[in-house]
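Asks: In the numbering used here, the protein residues as written are 672 to 993.
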Ligand code: ADP
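1. Does the distance from the C-beta atom of residue 712 to that of residue 976 stay below 8 Å?
2. When every heavy atom of the ligand ADP is checked, does at least one fall within less than 7 Å of the C-beta of residue 1069?
3. Could one say the Cβ of residue 868 lies closer than 8 Å to chain C's Cβ atoms, at least one of them?
4. Please list, in chain order, all residues with a C-beta atom less than 6 Å from at least one heavy atom of the ligand SAH.
5. Quick one, which of 863, 759, 905, 717 has its alpha-carbon nearest residue 734's?
6. Do you know offhand how far residue 706's Cα is from residue 684's?
7. For the beta strand (DSSP E) that residue 1007 lies in, which residues bound it at each end?
8. What number of angstroms, rounded off, separates the C-alpha of residue 703 from the C-alpha of residue 687?
9. Alpha carbon to alpha carbon, how far is residue 961 from residue 1003? Give it in angstroms, no decimals.
10. What is the rounded straight-line gap between the Cα of residue 900 and the Cα of residue 873?
11. What residues in its chain sit with their C-beta under 6 Å from that of residue 721, if we drop five residues either side in the sequence?
12. Comparing C-alpha positions only, which one of 940, 805, 978, 991 sits nearest to residue 717?
13. Between residue 816 and the rest of its own chain, which residues show a CB-CB distance below 6 Å, the 5 nearest in sequence each way excluded?
14. Would you mind listing the alpha helix (DSSP H) stretches within the region 866-953 that are 4+ residues and don't spill past its ends, in chain order?
15. Considering only C-alpha positions, which residue in the set 770, 964, 923 is nearest to residue 691?
16. I believe residue 897 touches residue 911 by the beta-carbon criterion, under 8 Å. Please report the beta-carbon distance rounded to the nearest angstrom.
17. Please go through the same chain and pick out, in chain order, the residues whose beta-carbon is closer than 8 Å to the beta-carbon of residue 926, but skip the five residues on each side of it.
18. Distance check for residue 991 and residue 812, CA to CA, integer angstroms please.
19. Which same chain residues, not among the five before or five after residue 695, have their C-beta less than 7 Å away from its C-beta?
20. Below 6 Å CB to CB, which residues in the same chain sit around residue 862 once its five sequence neighbours on both sides are set aside?
21. In chain order, what residues of the same chain have a beta carbon less than 8 Å from the beta carbon of residue 819, not counting five sequence neighbours either side?
22. Excluding the 5 residues flanking residue 994 on each side, which residues of the same chain have their C-beta closer than 7 Å to its C-beta?
23. What residue from 755, 725, 754 has the CA that sits closest to residue 747's CA?
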C-alpha cells in the first residue's frame, strides 16, 4: 500500500449550524451537524481532487468521534493516524452567521480530545513518508497537543518533507490576541509554504496594510518557498523569493464561504504533491493557483465545508466554461 502524499495534522470537530440562517445562536430553533476542522477539510479536499491524503488528530471515543473517522474513510482519507481518547469528548463548535453579518461561535473545548493528542501517540512513520505535511495553529494553543504538533513538524522537517502552514486564526479560541499573535508566529519560520488571509496579515502586523507588498514581504522569512494570500472573491496573491503576483478569482454566486480557504489549500497542495517544481516556475504556479481559486470558488456555491469540496472533474469542467 502506498503512503499518503499529504498528511494533515490538527483538529477535527463537529460544527453545529442553525437550520435557519441569519439567527443568533440563542435564537436558533434547531441545528444540523457538519463535520469540520480546517486540517481535516484539507485532507478531504485533496482526496476529492484525486490526491492521496491522511489526517492525524484526536477525537473522543464517542458518537461524534466515530462519525468523523467514518467521514474520513468514506472520503478515502487515511485515518490510521487518528486517535480516540476514552476519557475526553470530541470537540464541538456552534457557529452562526447572524443577520448583522457577524459570525458567532461557541465551543466545547473543556478540554476536547483534539487538545489531548500526545507526542507518543503520533504515527511518525506516516509523517516521514509524506511529501507534504500540513497544519494549522489551533493545535498550538495548549499542551499536550502543542508538544505533539512541534514533534510532528520536526519529524517531517528532518525527513525532508515540505511543511505547509495555514495559521487559520480563530481568535475566540486563544486566551488573548497577543497570545494568538505570538503562538502563530512561534512556528512561522519552520514552514516552507504559508497561506494567510488579508485579515491575518493585518492581525499579525498589528494593523498594517495587507495590500502593501512591502508589508507582506516583511512576513516573508528567508527559508519560505511560497507565501499565499487569499482574497475571497478576488482570488489570491503569491510571493516567492524570486517573483510575486496575483491570480484573479473565479466568479460564482456565493452561498456559504465556509471551507473556501481549505478548498484553496487542498487545490494547491494536491498539485504540489505531484510536482514540487511548480514552486520555481511562475507560469505553472499561476496555472496551479487558478485551479486552486476554482476549488475555493466552487466550495462557496454550496453550504458547509466538507460537503461542498469539489472533485477534480467538477473543477476542470468549471474551468472550461466561458
Ligand atoms: P478563508 O476561507 O481562509 O478566509 P478566502 O475567503 O479568501 O479564505 O477564500 C479562499 C479562496 O477561495 C479565495 O482565494 C478564492 O480563490 C476562493 N473564494 C472565496 N470566496 C469566494 C467567492 N465569493 N467567489 C469566488 N471565489 C471565492
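Every residue gets a Cβ at the ideal spot worked out from N, C-alpha and C, and that includes glycine.
Replies: This is what the structure holds:
1. Along the chain shown, read from residue 1 onward, the residue named residue 712 stands at position 41. Along the chain shown, read from residue 1 onward, the residue named residue 976 stands at position 305. Cβ atoms of residue 712 and residue 976: closer than 8 Å.
2. Because the chain here runs from 672 to 993, residue 1069 falls outside it and cannot be looked at.
3. The structure shown has no chain C; it contains just one protein chain.
4. Judged by which ligands are present, the ligand SAH is missing from the structure shown, whose ligands are the ligand ADP.
5. Along the chain shown, one-based indexing puts residue 734 at 63. Residue 734 has its Cα closest to that of 759, out of 863, 759, 905, 717.
6. Numbered from its first residue, the chain shown carries residue 706 at position 35. Numbered from its first residue, the chain shown carries residue 684 at position 13. Answer to the nearest angstrom: the Cα atoms are 6 Å apart.
7. Because the chain here runs from 672 to 993, residue 1007 falls outside it and cannot be looked at.
8. Walking along the chain shown from the start, residue 703 turns up at place 32. Walking along the chain shown from the start, residue 687 turns up at place 16. Approximately 5 Å between the Cα atoms of the pair.
9. This structure cannot settle anything about residue 1003, because the visible part of the chain is limited to 672 through 993.
10. Along the chain shown, one-based indexing puts residue 900 at 229. Along the chain shown, one-based indexing puts residue 873 at 202. When rounded, the distance between both Cα atoms is 12 Å.
11. Locating residue 721 in the chain shown gives position 50, where the first residue counts as 1. If we look at residue 721 and ignore the five residues flanking it on each side, its Cβ neighbours are 983.
12. Within the chain shown, the letter at position 46 stands for residue 717. If we check each option's Cα against that of residue 717, 940 comes out closest.
13. The count along the chain shown starts at 1 and reaches residue 816 at position 145. Counting only Cβ-Cβ distances below 6 Å, and skipping sequence neighbours, we find 786, 788, 810.
14. 869-875, 884-889, 931-945
15. Position 20 of the chain shown, counting from 1, holds the residue named residue 691. The residue with the shortest Cα to Cα distance from residue 691 is 770.
16. Counting from 1 along the chain shown, the entry for residue 897 is found at position 226. Counting from 1 along the chain shown, the entry for residue 911 is found at position 240. The pair is a contact, with the Cβ atoms about 6 Å apart (cut-off 8 Å).
17. Counted from its first residue, the chain shown places residue 926 at position 255. Closer than 8 Å at the Cβ level, and outside the excluded window around residue 926, lie 971, 972, 973, 974.
18. Residue mapping note: residue 812 aligns to position 141 of the chain shown, counting from 1. Residue mapping note: residue 991 aligns to position 320 of the chain shown, counting from 1. Going from the Cα of residue 812 to the Cα of residue 991 covers about 43 Å.
19. For the purposes of this step, residue 695 is taken as residue 24 along the chain shown, with counting starting at 1. Cβ neighbours of residue 695 beyond the five flanking positions: 767, 769, 775.
20. For this step, residue 862 is matched to residue 191 along the chain shown. Contacts found: 834, 836.
21. Start at 1 with the first residue of the chain shown, and residue 819 comes out as number 148. Closer than 8 Å at Cβ, skipping near neighbours: 788, 789, 790, 792, 793, 810.
22. Residue 994 is absent from the model: the chain starts at 672 and stops at 993.
23. Numbered from its first residue, the chain shown carries residue 747 at position 76. It is 725.
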